[in-house]
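Q: Residue numbers (the working numbering): 151 to 369.
Please find one structure pasted underneath; my questions will follow.
Given below as structure tokens:
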């Protein structure tokens, strides 16, 4: 009799639990449905970081303006500043070939006036190798000849001055011939040196000194 009574009691309790309404879960002080409570606890919300703003590209100065500044510094005698300014054109990239040739030429001029003959010859050599058809090529030959005179490379100096006379005849002929004569005398070529001096004397410098001076200043 006690066993039957206990069994009936268990059945009644089970039925009560099955029929009882589910108690809503409480999340952060607010009642939510059990299914939602399980989802919220299983996958917590993690906010994503906001994307960082894109930095605008650094503007570059047009190479023409940089070259103009270098020319002004060169004219003012601040040769190291001028060389650094010309370097900007070569380093920033994207400059047109003629601007790069002008930068090499400017650095060569600045180095030559600073008495850095080897450096001047090196930059002018780069100009002639990378931009052989540039309008700066003839003048670069003249200046590199000057640099070679400074380093004592007499034969290389003669070659450059003779090439200059071929590429741009009539411009600074007398000066180029004098440089050739100087190099020939340094090599012990006395007769050739005297002949070059005579050719220089016959050039147009004596008749148009102002024009020759302007041409020389243009370098």
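C-beta: ideal position from N, C-alpha, C; glycine also.
Between residue 239 and residue 249, how many whole angstroms is the CB-CB distance? I'm expecting something under 8 Å.
A: Their Cβ separation, rounded to whole angstroms, is 6 Å, which keeps residue 239 and residue 249 in contact under 8 Å.
Q: Helix, strand or coil for residue 195 per DSSP?
A: Only weak support is given to the placement of residue 195: the predicted model assigns it a pLDDT of 39, under 50, and the value that follows is read from those uncertain coordinates. Residue state, collapsed to three classes: coil.
Q: With distance defined between alpha-carbon atoms, name the residue in 260, 339, 331 and 226 nearest to residue 348.
A: The option with the nearest alpha carbon to residue 348 is 331.
Q: Under 7 Å between the Cβ atoms of residue 210 and residue 220?
A: It is not a contact, given that the beta carbons lie outside the stated cut-off.
Q: So for residue 281, helix, strand or coil by DSSP?
A: If DSSP states are grouped into helix, strand and coil, residue 281 belongs with coil.
Q: Can you give me the start and stop residues for the alpha helix (DSSP H) that residue 337 sits inside?
A: Unbroken run through residue 337: none, as it is neither H nor E.
Q: Taking contact to mean 3 or more Cβ pairs, one atom from each stretch, closer than 8 Å, check whether the region 317–330 and the region 266–286 are in contact.
A: As far as the Cβ criterion goes, the region 317–330 does not touch the region 266–286, which means the pair count is below three.
Q: Assuming the contact rule is C-beta atoms closer than 8 Å, residue 295 and residue 314 should be a hit. Round their C-beta distance to whole Å, please.
A: Right, their Cβ atoms sit about 7 Å apart.
Q: Give the C-beta separation of residue 258 and residue 274 to the nearest angstrom, bearing in mind that I take them to be a contact with Cβ-Cβ under 8 Å.
A: About 4 Å separates the two Cβ atoms, so the contact holds.
Q: For the alpha helix (DSSP H) containing residue 288, list its first residue and its last residue.
A: Segment 287–301, the alpha helix (DSSP H) holding residue 288.
Q: Helix, strand or coil for residue 352 per DSSP?
A: Helix at residue 352.
Q: Grouping DSSP H, G and I as helix and E and B as strand, with all else coil, what is residue 245?
A: Three-state result, residue 245: coil.
Q: Which residue wins for smallest C-alpha separation from residue 300, given the options 290, 270 and 328?
A: Nearest C-alpha to residue 300: 270.
Q: Give every residue of the same chain whose Cβ lies closer than 8 Å to the Cβ of residue 310, excluding the five residues on either side of it in the sequence, and list them in chain order.
A: Counting only Cβ-Cβ distances below 8 Å, and skipping sequence neighbours, we find 291, 292, 294, 295 and 298.
Q: What residue range does the alpha helix (DSSP H) around residue 218 cover?
A: Start and end: 213–225.
Q: Measuring alpha carbon to alpha carbon, tell me which of 328, 213, 289 and 227 ends up nearest residue 241.
A: Minimum Cα distance to residue 241 is reached at 213.
Q: Tell me the DSSP secondary structure of residue 228 in three-state form.
A: Here residue 228 sits in coil by DSSP.
Q: So, at 7 Å on beta carbons, what are the nonlocal neighbours of residue 268 in its own chain, with the 5 sequence-adjacent residues on each side left out?
A: Contacts found: 301.
Q: What are the start and end residues of the alpha helix (DSSP H) that includes residue 322?
A: Where residue 322 is concerned, there is no enclosing alpha helix (DSSP H), given that its DSSP letter is neither H nor E.
Q: For residue 243, is the classification buried or exposed, using 16 other Cβ atoms within 10 angstroms of its Cβ as the cut-off for buried?
A: Result: exposed.
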